[in-house]
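**Q**
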Amino acid sequence: MIFRNPLLYAGELQDRMLAEGINRAELARRLGMSRARITQWLDLLELPERVIREAEALGDHWDRQVVTERELRGSSREKDPGRAT
């Protein structure tokens, strides 16, 4: 089984869109994913800078899971007291 750091993967998706000059719908088509799923990935790049830095520092260990999307989104909510949940 292969595991990816979701934040790093999201950055790769964004880089690919920019490099190939394509939008989310076209990227989704090329990857065989829904446009909504691509949006979910890319939304990770909108997390607070602190969360992004912490996730990037974990690296990308393909043989084991270091962080999940749920954990990233949850850490953003629990440490941001001004955000409504």
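Whatever position you read off the sequence shown (first residue = 1), add 1157 for my numbering. Glycine included, C-beta positions come from ideal geometry on N, C-alpha and C.
Is Val1224 closer than 8 Å to Asn1162 when the C-beta atoms are compared?
**A** Counted from its first residue, the sequence shown places residue 1162 at position 5. Counted from its first residue, the sequence shown places residue 1224 at position 67. Against a cut-off of 8 Å, the Cβ pair of Val1224 and Asn1162 comes out as a contact.
**Q** Going by alpha carbons, who is nearest to Tyr1166 out of Pro1205, Gln1197, Ser1232, Glu1206?
**A** Taking the sequence shown and counting its residues from 1, the one referred to as residue 1166 is at position 9. Among Pro1205, Gln1197, Ser1232, Glu1206, the Cα nearest to that of Tyr1166 is on Gln1197.
**Q** Give a yes or no on whether the C-beta atoms belonging to Leu1229 and Leu1199 are separated by under 8 Å.
**A** By one-based count along the sequence shown, residue 1229 stands at place 72. By one-based count along the sequence shown, residue 1199 stands at place 42. The answer is no: Cβ separation not under 8 Å.
**Q** Could you tell me if Arg1221 is buried or exposed, where buried requires 16 or more neighbouring beta carbons within 10 angstroms of its beta carbon?
**A** One-based indexing of the sequence shown puts residue 1221 at position 64. Arg1221 comes out exposed.
**Q** Check whether the Cβ atoms of Leu1184 and Met1174 sit closer than 8 Å, and answer yes or no.
**A** In the sequence shown, the residue the question calls residue 1184 occupies position 27. In the sequence shown, the residue the question calls residue 1174 occupies position 17. Yes, they are a contact pair.
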